[in-house]
């Protein structure tokens, strides 16, 4: 099916925001990572080939959810930018250790242009207010509830912020194949 026809068909469907997605499909086995239950870095040729081929050609019945494994382990910014849409841009960075005139100039430029700027190491600077911009400060002064989505049944709930923080801290930064982690809620 040509892209424009597929787009029109999808646009004609009325979907309520937050509704469960339609029956999930997956790619043909040739485009999946080599072993079920393992992860492949985003920069690998398996993912690169899968994104350059029309996914519409490979739709098959539901994949067993326990066999599909996604992890951000080994992802890189460069690979995400290469694989992502053209709207993905690398954000400029400057070190807090740069001379003050250079730092000030960069900040002013980015404020005027509206472009984001990452100031590396700012949180380690001697003038950084250590008593704010912490999770504890946020827990005390921020909203006391957050909306979270159960990724298993697509239900949204209000969850106390202290409970969400506890759950988020228990989740590893990346998932290891064969290790079960409860990823029930995402913000």
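Numbering (this note's numbering), first residue to last: 48 to 234.
Yeah, the Cβ is synthetic: ideal placement off N, Cα and C, and Gly gets one too.
Note that the structure is a prediction, hence the values are computed from the model and not measured.
Under 9 Å between C-beta atoms of residue i and residue j
| i | j | result |
| --- | --- | --- |
| residue 182 | residue 206 | no |
| residue 208 | residue 185 | yes |
| residue 147 | residue 136 | no |
| residue 170 | residue 180 | yes |
Neighbourhood of residue i by C-beta distance below 6 Å, restricted to the same chain and skipping five residues each side
| i | result |
| --- | --- |
| residue 140 | 165, 167 |
| residue 172 | 143 |
| residue 131 | none |
Burial state of residue i (16 or more Cβ within 10 Å)
| i | result |
| --- | --- |
| residue 195 | buried |
DSSP-derived helix/strand/coil call for residue i
| i | result |
| --- | --- |
| residue 203 | strand |
| residue 155 | helix |
| residue 173 | coil |
| residue 120 | coil |
| residue 166 | strand |
| residue 145 | coil |
| residue 214 | helix |
Assumed close pair residue i, residue j - CB separation to whole angstroms, cut-off 8 Å
| i | j | result |
| --- | --- | --- |
| residue 163 | residue 124 | Their Cβ separation, rounded to whole angstroms, is 14 Å, which puts residue 163 and residue 124 out of contact at 8 Å. |
| residue 221 | residue 134 | Contact flag wrong, Cβ pair sits at about 25 Å. |
Beta-carbon contacts of residue i that lie in its chain and below 7 Å, excluding the five residues immediately before and after
| i | result |
| --- | --- |
| residue 154 | 164 |
Close Cβ partners of residue i (< 8 Å) along its chain, the five nearest in sequence each way excluded
| i | result |
| --- | --- |
| residue 202 | 196 |
| residue 145 | 153 |
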